[in-house]
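Numbering-wise (the UniProt record's numbering), the sequence shown opens with residue 1 and increments by one.
Built from N, CA and C at the ideal position, the CB exists for glycine as well.
One structure is given below, encoded as structure tokens.
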Amino acid sequence: MHLCSHIEATLKEEQDVFSVVNQLHPTPAVCGFPYEKAFEYIAQNEGYDREFYTGYCGMISNIAENILDFYVNLRCMKITAERISVYVGGGIVSQSDPESEWQETQNKARTMLSVI
1 MHLCSHIEAT
11 LKEEQDVFSV
21 VNQLHPTPAV
31 CGFPYEKAFE
41 YIAQNEGYDR
51 EFYTGYCGMI
61 SNIAENILDF
71 YVNLRCMKIT
81 AERISVYVGG
91 GIVSQSDPES
101 EWQETQNKAR
111 TMLSVI
């Protein structure tokens with residue numbers, strides 16, 4: 001099960017919606033916590049550029065009124081003439097069972113692969 005958080009706020013005059021989105025990204029769910037240590041670990045050990053994976057994507061409904069819907073991109077694929085790359089991941093916490101997490105990650109990938 002995944003959770004959804006709806007956020008509504010009144011921005012300060014010097015802020016725009018993009019500055020807020022940039023402050024929220026990357027979320028602890030995709031980077032880890034504490035942020036600085038987790039980000040450094042990922043950069044040193046993951047071995048590839050996440051590109052759009054775990055970034056945010058969405059739709060701007062009304063930029064003048066700062067109305068938009070953005071989502072964290074947890075599953076995606078990149079298609080080029082030479083290759084298709086599928087991006088999925090699993091969250092690891094101290095209570096995680098590595099085998100279960102790996103199985104869940106494989107299931108996510110299968111879902112993405114089923115469309116090609």
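Query: Ordered list of alpha helix (DSSP H) runs contained in the UniProt domain "Chorismate-utilising enzyme C-terminal" (1 to 108), each at least 4 residues; Result: 17 to 24, 28 to 31 and 35 to 45
Query: Rounded distance between the beta-carbons of Thr-27 and residue 123, thought under 8 Å; Result: Because the chain is modelled from 1 through 116, residue 123 falls outside the range shown and cannot be assessed.
Query: 8 Å CB neighbourhood of Ser-94 in its chain, flanking five on each side removed; Result: none
Query: For Val-17 and Thr-10, the rounded distance between their alpha carbons; Result: 10 Å
Query: Stretch-stretch touch, CB-based, cutoff 8 Å, three pairs: the region 59 to 71 with the region 98 to 114; Result: no
Query: Beta carbon of Val-21 nearer than 8 Å to that of Tyr-56; Result: yes
Query: Option nearest Leu-3 by Cα separation, candidates Glu-13, Ala-29 and Lys-12; Result: Ala-29
Query: Same chain, Cβ closer than 8 Å to Ser-61, neighbours up to 5 away in sequence not counted; Result: Ile-67, Leu-68 and Asp-69
Query: Burial state of Thr-54, where buried means 16 or more other Cβ atoms lie within 10 Å; Result: buried
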